[in-house]
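Chemist: In UniProt numbering, the protein residues as written are 1 to 745.
Sharing a structure here in structure tokens format.
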Amino acid sequence: MNEAPKPPVSPLPFPVPRDEPPPAPAPAHEPDGTTYPGLQVPPGPRPGMPHNAMTSDRTPYTREPLKVLAGTLPPDLHGHVYVAGPSVHAGSPALASDGLVLRLDFDGAHATFSSAIMKTPSYYAREPINAGETKRGPLTRYLQEFRDTTLSDVSIAYGAQEAPNTAPFLVEGENMLLVTTDAGRPWAIHPLTLKAYTPLGYKREWKAAVPAPWAFPLLQSTAHPAFAPEPAVPISPEKESQQKPRLFFTNHAPKWPLGDGWTQLVTWDTWENRLHHWALMDAASGKPVVTQSLHQIAVTRDYVVLLDSNFPVNFWSIAAQAALPGMTRVQRFVDRVTSEPSYPQAVFWVVKRSDLRPSPGTLSRDDPPRIPAYRFQAGGGGLHFAARYENPDDIITLVAGHSPSEDLSHTLEEGDLLINGNRAQAYQQGMPTAVPMTRSSLGVHRIDMRRLRLESRLHAHDDFTWGLTVFSNAGLINGELETNLRLYLREVPRPPTQDSSSDDVGGVKWGIPDDELAIYFNSDGFTADMVPEHLYQLYKPIVGDKAGLPIQEGRAASFFKFFVHSGRFEGYVLPTGWFGFAPQFVPSIKLPKVPYWKGYVVALVVSDPTPDLPLNSTGDEVWIFDSENIAKGPICRLGSRNFDVGMTLHTTFLPPGLGDILDGNIPEGPPYAVNVREDYNVDEIQKAYEDWLPGFFPRIPKALFAPWRMGVRWALNFPKLRKVFERDVYPHFPLRPPEKHSKNE
Ligand SMILES: [Fe+2]
Numbered sequence: 001m002n003e004a005p006k007p008p009v010s011p012l013p014f015p016v017p018r019d020e021p022p023p024a025p026a027p028a029h030e031p032d033g034t035t036y037p038g039l040q041v042p043p044g045p046r047p048g049m050p051h052n053a054m055t056s057d058r059t060p061y062t063r064e065p066l067k068v069l070a071g072t073l074p075p076d077l078h079g080h081v082y083v084a085g086p087s088v089h090a091g092s093p094a095l096a097s098d099g100l101v102l103r104l105d106f107d108g109a110h111a112t113f114s115s116a117i118m119k120t121p122s123y124y125a126r127e128p129i130n131a132g133e134t135k136r137g138p139l140t141r142y143l144q145e146f147r148d149t150t151l152s153d154v155s156i157a158y159g160a161q162e163a164p165n166t167a168p169f170l171v172e173g174e175n176m177l178l179v180t181t182d183a184g185r186p187w188a189i190h191p192l193t194l195k196a197y198t199p200l201g202y203k204r205e206w207k208a209a210v211p212a213p214w215a216f217p218l219l220q221s222t223a224h225p226a227f228a229p230e231p232a233v234p235i236s237p238e239k240e241s242q243q244k245p246r247l248f249f250t251n252h253a254p255k256w257p258l259g260d261g262w263t264q265l266v267t268w269d270t271w272e273n274r275l276h277h278w279a280l281m282d283a284a285s286g287k288p289v290v291t292q293s294l295h296q297i298a299v300t301r302d303y304v305v306l307l308d309s310n311f312p313v314n315f316w317s318i319a320a321q322a323a324l325p326g327m328t329r330v331q332r333f334v335d336r337v338t339s340e341p342s343y344p345q346a347v348f349w350v351v352k353r354s355d356l357r358p359s360p361g362t363l364s365r366d367d368p369p370r371i372p373a374y375r376f377q378a379g380g381g382g383l384h385f386a387a388r389y390e391n392p393d394d395i396i397t398l399v400a401g402h403s404p405s406e407d408l409s410h411t412l413e414e415g416d417l418l419i420n421g422n423r424a425q426a427y428q429q430g431m432p433t434a435v436p437m438t439r440s441s442l443g444v445h446r447i448d449m450r451r452l453r454l455e456s457r458l459h460a461h462d463d464f465t466w467g468l469t470v471f472s473n474a475g476l477i478n479g480e481l482e483t484n485l486r487l488y489l490r491e492v493p494r495p496p497t498q499d500s501s502s503d504d505v506g507g508v509k510w511g512i513p514d515d516e517l518a519i520y521f522n523s524d525g526f527t528a529d530m531v532p533e534h535l536y537q538l539y540k541p542i543v544g545d546k547a548g549l550p551i552q553e554g555r556a557a558s559f560f561k562f563f564v565h566s567g568r569f570e571g572y573v574l575p576t577g578w579f580g581f582a583p584q585f586v587p588s589i590k591l592p593k594v595p596y597w598k599g600y601v602v603a604l605v606v607s608d609p610t611p612d613l614p615l616n617s618t619g620d621e622v623w624i625f626d627s628e629n630i631a632k633g634p635i636c637r638l639g640s641r642n643f644d645v646g647m648t649l650h651t652t653f654l655p656p657g658l659g660d661i662l663d664g665n666i667p668e669g670p671p672y673a674v675n676v677r678e679d680y681n682v683d684e685i686q687k688a689y690e691d692w693l694p695g696f697f698p699r700i701p702k703a704l705f706a707p708w709r710m711g712v713r714w715a716l717n718f719p720k721l722r723k724v725f726e727r728d729v730y731p732h733f734p735l736r737p738p739e740k741h742s743k744n745e
């Protein structure tokens, strides 16, 4: 692959030496930052959620310098941290906002950031539709307009906007960097321009969660897919063109008034570029598996594990938001009387990978083969978990964050009564009610698949496990970090290593010692100003009396490291008034001299401005921690007058020099792209609407449905919709599917 030397490609503009020498040289086998002192950071202006958490700048930036505000940038910090989140603004439900993707670049001397809004076909169509370009009058405008709901922007006539805003995810086998959402397909982005260029799969390959003929169907998939860090192999010697599944998603619908709910495990074949489906059936009862939501899944050598997450979808609340614009009191009333608490326990479903045999039948989204899923219940409700890839003796090890009273299906509304007697303020409007009311815990679970038993250890810490919400990247646990580093070591030319003890690619000894195996988290702490009274009442049976809650004193946010085997916590409590988001581990570029699990933790933080903030800080900053001593505090603070990102969600790390590899093998184009003109063919969209109602009554002559057809033509206004697609959508997606590439290429 490396027959001709290639220059390393970095999006950084200035590969120059560092500006200042570090305080003291680190031993060769330690990251440079281990010698740096921790910084004292003054508190923000008030406890609780900063206003800045709900503001973001939608301006695209390219390699905008991040200035060192305090401390020192370690010279061995190299590579790229991708961050996904919603482009939050007070007044709109945060989790349904357009995606904002960031890339932080480090070359040891400088740091920069780039940012872009995730723009999908429904994003581009929403603006002209909401501007009235397809309307015929007030009624069609009402039916067509996209409106905020807590799940997605929804148009009664056209469907739901696809807004990837949750997690960046590298598909190594496909050289694709995806950005995911719970309410839509994952979309691939160019790692350098950050522009979204294709969804994974055509609409026709995914089963919609709402059985409507929408032009923009609501598709539900997991926001955290799973990729097995193993080489691709054929499913059998006879079927060389199909690979054994190793990239997993879900395609599911909850039980709600529109249906009984169903759950499919789907896999993406990176050779065929096709989606395969399996319907999950409860191994104990034989009934279909139905879940509240499936925010995260994980894969081990022999199993796929799915977590039924505490992210319930309240159909009535979403319907009221979409159908009753401006009627906030009615919307609130509907939400209050229809909300149900999420499960108090975490429910894991385990599927055997040996049951996942691709066949012509698995290409069917509507009637795929049925396979058993094994149910295990543990801990408290949860959203995020990681699985160790190896499952010796059929024992699966999981690490999960448990927050039994966390519930992301609501948002704070101005005027809401809070549990401390205050009222929610305008700046909080749209913030998810993500703060759990009980102390959270970390669960280490061992599932014995031979005896079908689960053993759990739960770990809690008063400084660190209040408000476990967004998980850090699981790369150190599940093999993702090793996969990305192997790609780097294989593809990017580097100076020869002096290390003769190496036994694998790049001279790196793979495998993290058990004592060192850790995962990085952030916690939101506890802030009474983020907990509405109605939510407390919903969870009172779990939470108990208010007297047991730290309503007055609160708990500050934190970053911490959890050692999986010992259950030890090591961490840093943020100064009052600062909030932090998913901490991303970045290995030292000095590997293999420095073990690949040692390096830095890069995290975004927000506070509101005070006179104590450095000149170039907006209150939104990037902090760098020494991964071997988080407790000493950040060793470097970075910021810019243009850095305003607010609340963010998940991150991933890519080593330096992969830009040309991942950016679609320029100039040949990416190895996979959907033809967006075909995916959103207006003739087919029109036919789907016109045939929808007659499809329920196959014995009634079609001619009798003429009023239906006239009605949908009037309501949808297809000629105008076609113009919107031709002018505002198709030109943004010029790529055509490439010739199918084979595994030998
Ligand atoms: Fe997540």
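Every residue, glycine too, gets a C-beta built ideally from N, C-alpha and C.
From a predicted model like this one, the values you see are computed outputs, not experimental measurements.
1) Taking just the CA atoms, how far does GLY159 sit from SER152?
2) So is the beta-carbon of HIS295 under 8 Å away from any non-hydrogen atom of ligand 1?
3) CB SER87 to CB LEU100, shorter than 9 Å?
4) State buried or exposed for THR297, treating a residue as buried only when at least 16 other CB atoms are found within 10 Å of its CB.
5) In whole angstroms, give me the CA-to-CA distance for ALA283 and PHE113.
6) Counting only the same chain and skipping the five closest in sequence on each side, list residues whose C-beta sits under 8 Å from that of ASN616.
7) Can you list, in chain order, the residues of its chain with a C-beta nearer than 8 Å to that of ALA354? Leave out the 5 residues immediately preceding and following it.
8) Quick check: is the beta carbon of VAL154 nearer than 9 Å to any beta carbon in chain D?
9) So what does DSSP say about residue 751, is it helix, strand or coil?
10) Please indicate yes or no: does the CB of ALA688 lie closer than 8 Å to some heavy atom of ligand 1?
11) Nearest-angstrom Cα distance between LEU704 and LEU693?
12) Tell me the rounded alpha-carbon separation between LEU280 and ARG555.
13) CA-CA distance, TYR202 and PRO217?
14) With a Cβ-Cβ cutoff of 9 Å, do ARG185 and SER155 count as a contact?
15) May I have the straight-line CA-CA distance separating THR291 from GLN40, to the nearest angstrom?
16) In or out: LEU139 buried (at least 16 other Cβ within 10 Å) or exposed?
17) Is PRO368 buried or exposed, if buried means 16 or more other CB atoms sit within 10 Å of its CB?
18) What do you reckon, is the C-beta of ALA223 under 8 Å from a heavy atom of ligand 1?
19) Helix, strand or coil: how does DSSP classify LYS687 here?
20) Could you pull the DSSP bridge partners for VAL724 from this structure?
21) Determine, using beta carbons only, whether HIS459 and SER441 come nearer to each other than 9 Å.
22) Only counting the same chain, and skipping five residues up and downstream in sequence, which positions put a Cβ closer than 8 Å to that of SER502?
23) What are the start and end residues of each continuous beta strand (DSSP E) run of 3 or more residues lying completely inside the region 166-241, in chain order?
24) Is there contact here, the region 177-191 with the region 334-354, by at least three beta-carbon pairs under 8 Å?
25) Assuming ALA28 and THR35 form a contact by the criterion Cβ under 8 Å, report the distance between their Cβ atoms to the nearest whole angstrom.
26) Over what stretch of residues does the alpha helix (DSSP H) that includes LEU429 continue unbroken?
27) DSSP three-state call for HIS51: helix, strand or coil?
28) Using 10 angstroms around the beta-carbon of PRO583, count the other beta-carbons present and answer buried if the total reaches 16, otherwise exposed.
29) Rounded to a whole number of angstroms, what is the C-alpha to C-alpha distance between HIS252 and PRO493?
30) Do VAL171 and ligand 1 come close, with the Cβ less than 8 Å from some heavy atom?
31) What did DSSP end up calling THR263 once you bin it into helix, strand or coil?
32) Starting from PHE333 and walking both ways along the alpha helix (DSSP H), at which residues does that stretch end?
33) Give me whichever residues DSSP pairs with residue 748 in a beta bridge.
34) Three-state secondary structure (DSSP) at TRP708?
35) Straight-line CA distance for ALA323 to GLU390?
36) Which residue wins for smallest C-alpha separation from PRO656, given the options TYR82, TYR374, ALA24, GLY379?
Modeler: Short version:
1) 10 Å
2) The nearest non-hydrogen atom of ligand 1 is less than 8 Å from the C-beta of HIS295.
3) Their beta carbons are under 9 Å apart, which means SER87 touches LEU100 by this criterion.
4) For the record, residue 297 in the displayed sequence is Ile; it is not Thr. Buried: at least 16 other Cβ atoms inside 10 Å.
5) 48 Å
6) LYS67, LEU69, GLY639, SER640, ARG641
7) The displayed chain sequence assigns Ser, not Ala, to residue 354. Taken in chain order, the residues that qualify are ASP302.
8) Although the question refers to chain D, the structure presented lacks it and comprises just one protein chain.
9) Outside the modelled stretch of the chain, which goes from 1 to 745, sits residue 751, for which no answer is possible.
10) no
11) 11 Å
12) 41 Å
13) 12 Å
14) Cβ atoms of ARG185 and SER155: not closer than 9 Å.
15) 45 Å
16) With fewer than 16 Cβ atoms within 10 Å of its Cβ, LEU139 is classed as exposed.
17) buried
18) yes
19) helix
20) As computed with DSSP, VAL724 is found in no beta bridge at all.
21) A Cβ-Cβ contact shorter than 9 Å links HIS459 with SER441.
22) For SER502, the predicted model reports a pLDDT of 45, less than 50, meaning its position is unreliable; a value from the coordinates is still stated below. Taken in chain order, the residues that qualify are VAL508, LYS509, PRO592.
23) Entirely contained in the region 166-241, the beta strand (DSSP E) runs reaching 3 residues are, in chain order, 167-171, 176-180, 187-189, 196-199, 234-236.
24) no
25) 12 Å between Cβ atoms; not a contact.
26) For clarity, residue 429 is Gln in the given sequence; the question names Leu instead. Careful: GLN429 lies outside any alpha helix (DSSP H) and carries neither H nor E.
27) helix
28) buried
29) When rounded, the distance between both Cα atoms is 43 Å.
30) For VAL171, the CB stays at least 8 Å from every heavy atom of ligand 1.
31) strand
32) 328-338
33) Absent from the structure is residue 748, since the part of the chain shown begins at 1 and ends at 745.
34) helix
35) 48 Å
36) Comparing alpha-carbon positions, the option among TYR82, TYR374, ALA24, GLY379 lying closest to PRO656 turns out to be TYR82.
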